[in-house]
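Chains as they are written, first to last, in the UniProt record's numbering: chain A, 1 to 238; chain B, 1 to 238. Using N, Cα and C, we set each Cβ at its ideal position, and we do this for glycine too. Working notes, beginning with the structure itself.
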DNA sequence: GCGGCTCACATTGTCAACAATCGACTGTCT
DNA sequence: AGACAGTCGATTGTTGACAATGTGAGCCGC
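Listed below in structure tokens is the structure:
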């Protein structure tokens, strides 16, 4: 009974279009709405209303919400309500400190295997980000920056690391979106990313480590100034 | 609308016994059954059967399973079935490499704040683990070892780090349980943990880093020997 | 004998109705 | 006036039935 999957490797790789279950679509839609800022942090998500909005029943919707709860984007209180998580100063500080560690670990994993494809991919994503920044398109630059860093994680092939990055990325994106809504353009960051990529392609690992630490410290400082201003009444998550 | 929670800090802290929703109970029970090894890796979990077994409907059960899927313990294929995840050699290698990074990060966070309570707590948990090993109680030693390392993560107060450790711990426990079932006692590990705790309480951070790296490398090697033996036909997760 | 097809079964996905719980409001009693 | 109990509305938790899909067995033609 435990060996259902046998030699179906080919069949399961090709033509894997499983008719799209609703739950996945809802989870994606909701996540996008939250990360885009269409739903503000702290706002309550009412199941019946959302179900209507998505044109589905509450069952699939609840499962999608459960998924987002596990991703750390929502927080639920039984019989009371589910809210979009609000990030406190400490939360964002944790995110940045974690990123330093994970990103250095990622480069450790890939350092000896930085082939031409990796170098080209990294440069291409930096250029894309630079273009967004020059165009002052903040929403696009958020996506571009996430893709730049995500490319590094992906390149490691370390599934557990990628999974962890995914869980952090959501919260980071949530914070960036809030920051963007409140402040508009986040300021010039061209030089920072140029240095970052330069170091990533160099042969001096320690220099890269310093650069990553500084890179994140800069982002973290920007953060605290922003969050300390408002009350940061966080609907605490996890 | 977004300010439902106001000055209810006290009321929400005290007397928070929300009548125990089923889903939480089911998730805990299922998780325990899987990590205990009562359900073997690769086995299929049929919703109707499990729902009967737990005496609930399929709704709450599905939500509990969704949660375990997000924890990386189950893997689901739409319209086909949900299986307990099987760990491959690479998966376990990833877990151990990740642990090295995370645990060193944890000690970085707490290094300057290692007060008396921390030292006592660490020693107490090492003694508990030693007792389990001397008694050759393998099941208990697994729990004790997880609590020893978990104590370090908890001590950091870094919620995101703790959350990440939780997600890894499940898979680690899953592997240890399988290892235990196949091999029985995993061999003497007294010395290793004694050294680990000794370094953790010393003032030589670099020595601790080396010790952690070696500690994990030993566990990792033990792993590969074990897993390489069998086919490791992994019901791939994530 | 073998490849493709059909069909029935097992399992998961979805839905709409019902029950339990929480928070606020109100009216009363002291 | 202030505190307290009861009640009401809103929201989530749970259930059983129905629909959609994937899988494998059996059949047929070659």
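Limits of the unbroken beta strand (DSSP E) element including residue 83 (chain B): Taking the second chain and counting its residues from 1, the one referred to as residue 83 (chain B) is at position 83. Taken as a continuous stretch (DSSP letters only), the beta strand (DSSP E) holding residue 83 (chain B) covers 81 to 84.
What number of angstroms, rounded off, separates the C-alpha of residue 34 (chain B) from the C-alpha of residue 84 (chain B)? As a position in the second chain, residue 34 (chain B) is number 34, starting the count at 1. As a position in the second chain, residue 84 (chain B) is number 84, starting the count at 1. Those two C-alpha atoms are separated by around 8 angstroms.
Could you please give me the residues that DSSP links to residue 44 (chain A) through a beta bridge? Against the first chain, residue 44 (chain A) aligns to sequence position 44. According to DSSP, residue 44 (chain A) bridges with A:83.
Hey, quick one: how far does the alpha helix (DSSP H) through residue 89 (chain A) stretch, first residue to last? Counted from its first residue, the first chain places residue 89 (chain A) at position 89. That run of the alpha helix (DSSP H) goes 89 to 110.
Scan the segment 138 to 155 of chain A for residues whose Cβ lies nearer than 9 angstroms to a Cβ of chain B and list them as they occur along the chain. none
Could you check what DSSP says for residue 144 (chain A) in three-state terms: helix, strand or coil? The residue labelled residue 144 (chain A) in the question sits at position 144 within the first chain. Correct three-state label for residue 144 (chain A): helix.
Output the distance between the C-alpha atoms of residue 231 (chain A) and residue 38 (chain A), rounded to the nearest integer angstrom. If you number the first chain from 1, residue 231 (chain A) lands on position 231. If you number the first chain from 1, residue 38 (chain A) lands on position 38. At residue 231 (chain A), the pLDDT of 45 sits below 50, so the modelled position is not reliable and the matter cannot be decided from this model.
Between residue 88 (chain A) and residue 155 (chain B), what straight-line distance do the alpha-carbon atoms span, to the nearest angstrom? Position 88 of the first chain, counting from 1, holds the residue named residue 88 (chain A). Position 155 of the second chain, counting from 1, holds the residue named residue 155 (chain B). Whole-angstrom Cα-Cα distance: 20 angstroms.
Contact set between residue 193 (chain A) and chain B, taken where Cβ atoms lie within less than 9 angstroms: Numbered from 1 along the first chain, position 193 holds the residue referred to as residue 193 (chain A). Within 9 angstroms Cβ-Cβ: nothing; residue 193 (chain A) doesn't reach chain B, min ~24 angstroms.
Using beta carbons (cut-off 7 angstroms, strictly below), is residue 60 (chain A) in contact with chain B? In the first chain, the residue the question calls residue 60 (chain A) occupies position 60. Residue 60 (chain A) does not count as touching chain B.
What did DSSP end up calling residue 76 (chain A) once you bin it into helix, strand or coil? Looking up residue 76 (chain A) in the first chain gives position 76. The answer is strand: DSSP assigns residue 76 (chain A) an E or B state.
Hey, does residue 160 (chain A) have any beta-carbon neighbour from chain B nearer than 7 angstroms? Here residue 160 (chain A) corresponds to residue number 160 of the first chain, with the count starting at 1. It does; some Cβ of chain B falls within 7 angstroms.
Please report whether the beta-carbon of residue 221 (chain B) lies at a distance below 7 angstroms from any beta-carbon of chain A. Sequence index remark: in the second chain, residue 221 (chain B) carries index 221 (1-based). Cβ-Cβ to chain A under 7 angstroms: no for residue 221 (chain B).
Let me know the secondary structure DSSP gives residue 56 (chain B) once reduced to three states. Position 56 of the second chain, counted from the start, is the residue given in the question as residue 56 (chain B). Coil, per DSSP.
Those runs of the alpha helix (DSSP H) which lie wholly inside the segment 185 to 214 of chain A and span at least 4 residues: 190 to 200
The alpha helix (DSSP H) spanning residue 28 (chain A) covers which residue range? Counted from its first residue, the first chain places residue 28 (chain A) at position 28. Taken as a continuous stretch (DSSP letters only), the alpha helix (DSSP H) holding residue 28 (chain A) covers 22 to 36.
Going by DSSP in three states, residue 62 (chain B) sits in which element: helix, strand or coil? The residue given as residue 62 (chain B) occupies position 62 in the second chain. Here residue 62 (chain B) sits in helix by DSSP.
Could you tell me how far apart the beta carbons of residue 95 (chain A) and residue 160 (chain B) are, in whole angstroms, since I believe they sit closer than 8 angstroms? On the first chain, residue 95 (chain A) is found 95 positions in, with the first residue counted as 1. On the second chain, residue 160 (chain B) is found 160 positions in, with the first residue counted as 1. About 6 angstroms; that satisfies the 8 angstroms criterion.
Rounded to whole angstroms, what is the Cα-Cα separation between residue 150 (chain A) and residue 121 (chain A)? As a first step, residue 150 (chain A) is located in the first chain; it is residue number 150 there, counting from the start. As a first step, residue 121 (chain A) is located in the first chain; it is residue number 121 there, counting from the start. Cα to Cα, the separation comes out at about 11 angstroms.
Is residue 22 (chain A) close to chain B? Criterion is C-beta to C-beta, closer than 7 angstroms. Taking the first residue of the first chain as 1, we reach residue 22 (chain A) at position 22. Chain B, which has no Cβ nearer than 7 angstroms to the Cβ of residue 22 (chain A), makes this no.
Just the chain A side, please: which residues come within less than 7 angstroms of residue 105 (chain B) by C-beta, in chain order? Your numbering for residue 105 (chain B) matches position 105 in the second chain. By Cβ distance, chain A contributes 101.
Just to confirm my understanding: we take residue 198 (chain A), look at its own chain, exclude 5 residues before and 5 after, and list those with CB closer than 8 angstroms. What are they? Position 198 of the first chain, counted from the first residue, corresponds to residue 198 (chain A). Nothing listed; no residue qualifies.
Residue from A:179, A:67, A:117 whose Cα sits closest to the Cα of residue 92 (chain A): Taking the first chain and counting its residues from 1, one reaches residue 92 (chain A) at position 92. Closest option to residue 92 (chain A), Cα to Cα, is A:179.
Quick check on residue 243 (chain B) - is its C-beta less than 7 angstroms from some C-beta in chain A? This structure cannot speak to residue 243 (chain B), because chain B is shown only from 1 to 238.
So with CB distances below 9 angstroms, who are the chain A contacts of residue 240 (chain B)? This structure gives no information on residue 240 (chain B), because the portion of chain B shown stretches from 1 to 238.
Using 8 angstroms for Cβ pairs, my map puts residue 171 (chain A) next to residue 133 (chain A). What's the rounded Cβ distance? Indexing the first chain from 1 puts residue 171 (chain A) at position 171. Indexing the first chain from 1 puts residue 133 (chain A) at position 133. Their Cβ separation, rounded to whole angstroms, is 23 angstroms, which puts residue 171 (chain A) and residue 133 (chain A) out of contact at 8 angstroms.
Spatial neighbours of residue 167 (chain B) within its chain, please: CB distance less than 8 angstroms, with the 5 preceding and 5 following residues excluded, ordered by chain position. What you label residue 167 (chain B) is simply residue 167 of the second chain in a count that begins at 1. Hits under 8 angstroms: 71, 72.
As a quick exercise: from B:25, B:202, B:32, pick the residue whose alpha carbon is nearest that of residue 119 (chain B). One-based indexing of the second chain puts residue 119 (chain B) at position 119. It is B:202.
Cβ-based burial, residue 46 (chain A) [other Cβ within 10 Å; buried from 16]: Start at 1 with the first residue of the first chain, and residue 46 (chain A) comes out as number 46. Exposed, since its Cβ has fewer than 16 Cβ neighbours within 10 Å.
Quick one: which chain B residues come within Cβ less than 7 angstroms of residue 98 (chain A)? Within the first chain, the letter at position 98 stands for residue 98 (chain A). Here the neighbours are 160, 161.
Output, in chain order, the set of chain B residues within a Cβ distance shorter than 9 angstroms of residue 116 (chain A). For the purposes of this step, residue 116 (chain A) is taken as the residue at position 116 of the first chain. None at all; the shortest Cβ gap to chain B is about 25 angstroms.
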